[in-house]
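> Protein chains in written order, with our numbering: chain P, 1 to 112; chain S, 1001 to 1113.
A virtual CB, placed ideally from N, CA and C, is assigned to each residue, including glycine.
Have a look at the structure that comes next, please.
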Amino acid sequence: DGGITQSPKYLFRKEGQNVTLSCEQNLNHDAMYWYRQDPGQGLRLIYYSQIVNDFQKGDIAEGYSVSREKKESFPLTVTSAQKNPTAFYLCASNQGGADTQYFGPGTRLTVL
Amino acid sequence: AQSVTQLGSHVSVSEGALVLLRCNYSSSVPPYLFWYVQYPNQGLQLLLKYTSAATLVKGINGFEAEFKKSETSFHLTKPSAHMSDAAEYFCAVELNTGNQFYFGTGTSLTVIP
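Structure follows, in structure tokens:
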């Protein structure tokens, strides 16, 4: 059945290490998004991609990087430059524009 | 500038009572508006959305929301709260830019038996 998968669900990393979060969708959506969620702050946009091989920075892109080599995949790398990486990360996709976004189950990253 | 504001980070209601979660947006043109629900450690699930059709929008699980342009509001309501409604609720707006959604800070709903 169609949907968005994120893996792993929980991730622990040592400070200073880069880590890549996976996001895959089989909804044939053109657009994909990465959000960061912190308590009391709602969702903040990190990066988004409207089409393969193209992506734009969101409001809090510093310390993160992405790639969009395939339509169904939009991995997010949290680099050592991200000062406070511990958070809940959510991936979403839609057909573009104002179409409803569909969310994955999220990855909780904890940096020790 | 804040595009969407949710008043009240925590709301408690008794089981069977009316649920009212507030959302106001700031936009000179009517945007697209969404309400999502999130259960602990899960992704967001769409409850309902407004896309410039009927101003009263009905969603899943008995929820509905009314778009009021004069008040720039899109409040979420449910006539009778159920224990399973306890969750975090997010209002979101797409400002007709075609590419970005803005989310409120969320309202945590507690249902008291």
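So, using beta-carbon positions, are residue 103/P and residue 87/P closer together than 8 Å?
The sequence position of residue 103/P within the first sequence is 103, counting from 1. The sequence position of residue 87/P within the first sequence is 87, counting from 1. Cβ atoms of residue 103/P and residue 87/P: not closer than 8 Å.
> Should residue 1020/S go down as buried or exposed, given a rule of 16 or more other Cβ atoms within 10 Å for buried?
Here residue 1020/S is taken as the residue at index 20 of the second sequence, counted from 1. The residue is exposed, with fewer than 16 neighbouring Cβ atoms inside 10 Å.
> Buried or exposed: where does residue 1041/S fall if 16 or more other Cβ atoms within 10 Å of its Cβ makes it buried?
Locating residue 1041/S in the second sequence gives position 41, where the first residue counts as 1. So residue 1041/S counts as exposed.
> For residue 78/P, report the span of its beta strand (DSSP E) as first-last.
Position 78 of the first sequence holds residue 78/P. Residue 78/P -> beta strand (DSSP E) spans 76-78.
> Around the Cβ of residue 112/P, are there at least 16 other Cβ atoms within 10 angstroms (buried) or fewer (exposed)?
Reading the first sequence from its first residue, position 112 is the one you call residue 112/P. With fewer than 16 Cβ atoms within 10 Å of its Cβ, residue 112/P is classed as exposed.
> Measuring only the C-alpha atoms, how far is residue 1009/S from residue 1106/S?
As a working mapping, residue 1009/S is identified with position 9 in the second sequence. As a working mapping, residue 1106/S is identified with position 106 in the second sequence. Approximately 6 Å between the Cα atoms of the pair.
> From 75/P, 95/P, 106/P and 94/P, pick the residue whose C-alpha is nearest to that of residue 18/P; which is it?
Residue mapping note: residue 18/P aligns to position 18 of the first sequence, counting from 1. Taking only the C-alpha atoms, the option nearest residue 18/P is 75/P.
> Which bits of chain S does residue 27/P rub up against, with CB to CB less than 7 Å?
Along the first sequence, read from residue 1 onward, the residue named residue 27/P stands at position 27. Those within 7 Å of residue 27/P in chain S number zero; the least Cβ separation is about 13 Å.
> Can you pull out the residues from the segment 1036-1053 of chain S whose beta carbon lies closer than 9 Å to at least one beta carbon of chain P?
Of all residues in the segment 1036-1053 of chain S, 1036, 1038, 1041, 1042, 1043, 1044, 1045, 1046, 1049 and 1051 have a Cβ within less than 9 Å of some Cβ in chain P.
> Under 8 Å Cβ-Cβ, which residues of chain P neighbour residue 1009/S?
By one-based count along the second sequence, residue 1009/S stands at place 9. The answer, in chain order, is 40.
> Tell me whether the segment 1076-1084 of chain S and the segment 1024-1031 of chain S touch, counting them as touching only if at least three CB pairs, one residue from each stretch, are closer than 8 Å.
Flag = no, the segment 1076-1084 of chain S and the segment 1024-1031 of chain S do not touch.
> For residue 1107/S, would you say it is in contact with chain P, using Cβ-to-Cβ distances shorter than 8 Å as the test?
On the second sequence, position 107 is the one that residue 1107/S refers to. No, no contact with chain P.
> Compare the Cα-Cα distances from residue 1065/S to each of 1090/S, 1035/S and 1101/S and report the closest residue.
For the purposes of this step, residue 1065/S is identified with residue 65 of the second sequence, where counting begins at 1. Nearest option by C-alpha distance: 1035/S.
> How many whole angstroms separate the CB atoms of residue 105/P and residue 6/P, which I take to be in contact at a CB cut-off of 8 Å?
By one-based count along the first sequence, residue 105/P stands at place 105. By one-based count along the first sequence, residue 6/P stands at place 6. Yes, residue 105/P and residue 6/P are in contact; Cβ-Cβ is about 6 Å, under 8 Å.
> Taking only beta-carbon atoms, is residue 1034/S less than 8 Å away from chain P?
Within the second sequence, numbered from 1, the residue matching residue 1034/S stands at position 34. Taking Cβ atoms only, chain P reaches closer than 8 Å to residue 1034/S, which makes this a yes.
> Between residue 55/P and residue 48/P, what straight-line distance do the alpha-carbon atoms span, to the nearest angstrom?
In the first sequence, the residue the question calls residue 55/P occupies position 55. In the first sequence, the residue the question calls residue 48/P occupies position 48. So the two alpha carbons sit approximately 6 Å from each other.
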